[in-house]
Amino acid sequence: EARVTDHAQALQRELESVGQRAENDLKLMTARLEAEMKQKEGELLERKREMVKYENAETKVTKELTELREKVRTQELELTKMQSTSVMTFERTQREAETSQNDKTRQLADRQREAEAAKA
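Numbered per my numbering, the sequence shown finishes at 111, counting up by one with no gaps.
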C-alpha cells in the first residue's frame, strides 16, 4: 500500500509538473502572440500613416494641377483676345494706309491734270 501511495504521489507530482510546464508554455506562446500582434498593429498604423500622407500629397497635386489648368485656360483666352485685337488693329492700319495711298494717288493725279491744263 505504501508503494502504491508513493507511486500515486509520484504520478501526482509528475502530473503537476507537466501541467506547470504546459501552463508556462501557454503563457510564453500567449506573450509571443501578443508581441507579434502589437508589432503587426504598429506596421499597420505606419502603413495607414503612409497612405494618408500619399493621399494628402495626391490631393495637393490634383489641386495644383487644376489651378494650373485654369491659369492656362485664362492665358489662352487672353492670348486669343490679344490676337483678335492685333488682327483688328492690323486690318484698320492697312485700311488707313490704303486710304492714305489712294488720297495721295488722287492728289498726284489732280496735280498732274492741273499741270497739264496749265501747259495747254
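Even for Gly, the Cβ is constructed at its ideal location relative to N, Cα and C.
Asked: Alpha carbon to alpha carbon, how far is V63 from M79?; Found: 24 Å
Asked: State the start and end residues of the unbroken alpha helix (DSSP H) segment that holds A(-1).; Found: -7 to 110
Asked: Alpha carbon to alpha carbon, how far is K142 from M20?; Found: Here the chain covers residues -8 to 111 and nothing more, so residue 142 does not appear.
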